[in-house]
Amino acid sequence: MRIGVDFGGTNIKAAIVNHAAVIRHVSVPTNAGAGPQAVLQALASAVAQLAAGNLPVGVAIPGEVNDAGVCFKLPNVPGFEQFPLRAELQSRLGCQVAIENDATAAALAERLFGWGERYRSFLLVTLGTGIGGGLVLDGNLRRGHGGFAGEIGHVLVDSSPTAWPCGCGRTGCMEAYAGTKGLLRHYASLAGNQSGQGKHSGDVRAIFESQDPHSQAMMGFLGQALGSGLASLNNALDLDALVFTGGVAGVFDRLEPHIRLALRQRSYSQPQGEVAMLASKLGEHAGVIGAAWLPQPGK
Ligand SMILES: [Zn+2]
Numbered sequence: 002m003r004i005g006v007d008f009g010g011t012n013i014k015a016a017i018v019n020h021a022a023v024i025r026h027v028s029v030p031t032n033a034g035a036g037p038q039a040v041l042q043a044l045a046s047a048v049a050q051l052a053a054g055n056l057p058v059g060v061a062i063p064g065e066v067n068d069a070g071v072c073f074k075l076p077n078v079p080g081f082e083q084f085p086l087r088a089e090l091q092s093r094l095g096c097q098v099a100i101e102n103d104a105t106a107a108a109l110a111e112r113l114f115g116w117g118e119r120y121r122s123f124l125l126v127t128l129g130t131g132i133g134g135g136l137v138l139d140g141n142l143r144r145g146h147g148g149f150a151g152e153i154g155h156v157l158v159d160s161s162p163t164a165w166p167c168g169c170g171r172t173g174c175m176e177a178y179a180g181t182k183g184l185l186r187h188y189a190s191l192a193g194n195q196s197g198q199g200k201h202s203g204d205v206r207a208i209f210e211s212q213d214p215h216s217q218a219m220m221g222f223l224g225q226a227l228g229s230g231l232a233s234l235n236n237a238l239d240l241d242a243l244v245f246t247g248g249v250a251g252v253f254d255r256l257e258p259h260i261r262l263a264l265r266q267r268s269y270s271q272p273q274g275e276v277a278m279l280a281s282k283l284g285e286h287a288g289v290i291g292a293a294w295l296p297q298p299g300k
């Protein structure tokens, strides 16, 4: 058994994990605005509440971390820029701590206990406020040079002068269209008013799941943005599968044909057959399960 921690921008979830089973878990507020020391105290208290003794600990974070355990930044948790996260956590928890990007950790969970049992090379695509991902190639989790492998949201899908702005400061990124903000912007234009403004991630899912008259057009728009970006990635990586998770993965069956349409338009010929597209086998606990099974530092 191991301890996995999913360090999110809103809540920190800690769990005792046995293979893919979550034995016990606790959740505490992140208090993202309270500064790094208060946030790390909250994380340590969540682990302490598990009363699990001396189990190995892994932490999935909403950002990137390099091999030295230094966090680049956490976009939704201020104060963690170039922060020595592993050293601070090891000091607080009194044990070795493995740290990884949350989408990459979820890809590890999928590799070990989900579709990775059938497919050796796949991209886990996380759909939500942002578009992220984790990459497994030939059975191995890929972190890349600085822990950024699989950060797919900023692949270019529109190079025109009118391309939409992205949170990263550039324009035309896949996330600018397929992320929550872009989807709601498109919804507002379809509805002919500003009714799309002010809605949250859950409301995008509500639009898809309801009889909303714009639901089909929204799926087409999301499918076009995702399919064109993912085609570029698949042309380069020659994957077995694309695995989807996150807010709108629950409506994946209806979304898949729209993604497939755009993917086909942009794909280089695939003599081995088309890439498989699937909803993740792991549910809400993928983050803690992946975190728990991260390789411990130095091993
Ligand atoms: Zn971007």
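The numbering used here puts the first residue of the sequence shown at 2, with every later residue one more than the last. Beta carbons are placed, not taken as given, at the ideal position from N, Cα and C, and that holds for glycine. Just so you know, these numbers come straight off a predicted model, no measurement behind them.
Item: Buried or exposed for M2, going by 16 or more other Cβ atoms inside 10 Å?; Value: exposed
Item: Cβ atoms of G117 and F123: under 8 Å apart, would you say?; Value: yes
Item: Can you tell me whether DSSP reads A21 as helix, strand or coil?; Value: coil
Item: Report the residue ranges of all beta strand (DSSP E) runs contained in full by the stretch 47-99; include only those spanning at least 3 residues, in chain order.; Value: 58-62
Item: Measure the C-alpha to C-alpha separation of N12 and Q273 and round it to an integer number of angstroms.; Value: 43 Å
Item: Can you give me the C-alpha to C-alpha distance between I153 and G140, rounded to a whole angstrom?; Value: 19 Å
Item: Is DSSP giving N32 helix, strand or coil here?; Value: coil
Item: Give me the DSSP bridge partner(s) of P298.; Value: DSSP output for P298 lists no bridge partner at all.
Item: Tell me the DSSP bridge mates of E101?; Value: A61
Item: Could you compute how far the alpha carbon of A47 sits from the alpha carbon of E285?; Value: 18 Å
Item: Can you tell me whether H146 is buried or exposed? The criterion is at least 16 other CB atoms within 10 Å of its CB, across all chains shown.; Value: exposed
Item: Under a three-way DSSP split, which group does P166 fall into?; Value: strand
Item: Please classify S92 as buried or exposed, where buried requires at least 16 other C-beta atoms within 10 Å of its C-beta.; Value: exposed
Item: What does the Cβ neighbour count give for S229, buried or exposed, with the cut at 16 atoms within 10 Å?; Value: buried
Item: From G148 to E101, what does the alpha carbon distance come to, in whole angstroms?; Value: 8 Å
Item: Mind listing which residues have their beta carbon within less than 7 Å of any non-hydrogen atom of ligand 1? Chain order is fine.; Value: G154, H155, C167, G168, C169, R171, C174, E176 and A177
Item: Who are the near neighbours of G37 in its chain, counting only those whose CB is closer than 7 Å to its CB and skipping five residues on each side?; Value: It is worth fixing the name first, because residue 37 is Pro in this sequence and not Gly. The residues are G80, F81 and F84.
Item: DSSP three-state label for H286, please.; Value: coil
Item: What residue range is occupied by the uninterrupted alpha helix (DSSP H) comprising A179?; Value: M175 to A179
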